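Okay, structure first, notes after.
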């Protein structure tokens with residue numbers, strides 16, 4: 122063995138081999154140790170110059186437990202939401218009654234919706250009215266509301282100056298899905314001839330035309346279902362003049378024939394209808410006179 126050896130002798134002496142190890146000359150020399158005599162026999166102890174390193178610590182098999190989340194005071198969160206909505210004049214309890222999910226919505230989400238509507242220049246009074254008619258807006262993040270405004274401005278072609286008026290008149294638009302509701306509805310209306318429905322003012326456009334249709338023209342609403350394109354024509358420049366011309370001539374056209382044709386074709390059709398009507402009327406009068414003459418002779 123290359124390690125230094127100690128040989129214990131029966132007379133208490135020792136033999137010390139102090140020669141360095143030929144394989145590891147740089148290792149320190151072994152220390153001289155004295156032991157009591159245990160027996161008469163010669164015993165040899167071999168000590169390595171260095172102990173082997175200990176095995177590395179084995180990591181535990183199970184992962185460390187994540188830190189526990191901070192304790193949330195639900196009562197405090199409820200109060201914060203109530204105080205925030207109260208600061209803008211919205212009754213939190215009334216909103217929960219109309220739309221219970223608001224109770225579980227986080228305060229950052231509610232703030233996000235309110236801040237977005239404020240950034241769109243809606244006043245506090247307008248916001249209160251919108252929330253009253255569409256409380257779902259409080260559970261809609263800005264990332265949900267932005268696509269709705271983008272759709273109205275780009276696809277429905279609502280003018281930027283009219284976007285507030287459209288939302289104020291129809292707050293429920295903010296609770297509609299662009300993919301599942303708004304876009305399919307717009308495509309359907311475009312397919313039947315109404316391409317700019319959201320651009321029409323209800324008070325200044327749709328309502329006067331509807332009143333004239335029912336009161337002055339005396340027509341049935343089912344005609345509007347069959348021809349909704351009626352609302353896209355000018356009331357003063359197309360609907361009224363042509364209707365009055367028909368009244369003067371005693372003629373009644375279906376809505377498509379009344380409004381879709383050009384002015385020249387409309388006049389031609391009107392004159393032709395009057396001629397046919399007069400011809401029929403003359404024939405009817407002659408038939409009545411003939412019938413009365415026959416009865417008189419009889």
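Residue numbers (my numbering): 122 to 419. The C-beta atom is built at its ideal place from N, Cα and C for all residues, glycine as well. All of these numbers come straight from a predicted model, not from anything done at the bench.
query                                                                                                                                                                              : result
Under 9 angstroms, do residue 387 and residue 363 count as touching if we go by C-beta distance?                                                                                   : yes
Three or more C-beta pairs closer than 8 angstroms, one from the segment 285 to 302 and one from the segment 252 to 270: is that the case here?                                    : yes
Measuring CB to CB, does residue 206 end up less than 9 angstroms from residue 216?                                                                                                : yes
Residue 288: buried (16+ other C-beta within 10 angstroms of its C-beta) or exposed?                                                                                               : buried
Could you compute how far the alpha carbon of residue 360 sits from the alpha carbon of residue 346?                                                                               : 17 angstroms
If you draw a straight line from the alpha carbon of residue 410 to that of residue 379, how long is it in whole angstroms?                                                        : 35 angstroms
Which residues in the same chain as residue 266 place their Cβ atom closer than 7 angstroms to its Cβ, once the five residues preceding and following it in sequence are excluded? : 234, 237 and 295
Mark residue 403 as exposed unless 16 or more other C-beta atoms lie within 10 angstroms of its C-beta, in which case mark it buried.                                              : exposed
How should residue 309 be labelled, buried or exposed, when 16 other C-beta atoms within 10 angstroms of its C-beta is the threshold for buried?                                   : exposed
Taking the CB atoms as reference points, tell me whether residue 331 and residue 352 lie closer together than 9 angstroms.                                                         : yes
Look at the Cβ atom of residue 82, then the Cβ atom of residue 381, and state whether they are nearer than 9 angstroms.                                                            : Because the chain is modelled from 122 through 419, residue 82 falls outside the range shown and cannot be assessed.
Would you say residue 260 and residue 226 are within 9 angstroms of each other, going by their C-beta atoms?                                                                       : yes
Between the Cα of residue 210 and those of 197, 250, 223 and 342, spot the shortest distance and give me the residue it belongs to.                                                : 250
Can you list, in chain order, the residues of its chain whose CB lies under 7 angstroms from that of residue 140, leaving out five sequence neighbours each side?                  : Confidence in residue 140 is poor, its pLDDT being 49 and thus under 50, which makes the residue's placement unreliable; the coordinate value appears in the next sentence. Counting only Cβ-Cβ distances below 7 angstroms, and skipping sequence neighbours, we find nothing.
Who are the near neighbours of residue 366 in its chain, counting only those whose CB is closer than 7 angstroms to its CB and skipping five residues on each side?                : 391
Suppose you measure from the CA of residue 228 to the CA of residue 278; what does that come to, to the nearest Å?                                                                 : 33 angstroms
Could you pull out every unbroken alpha helix (DSSP H) segment of at least 4 residues lying fully inside the segment 229 to 311, listed in chain order?                            : 245 to 254, 263 to 271 and 284 to 290
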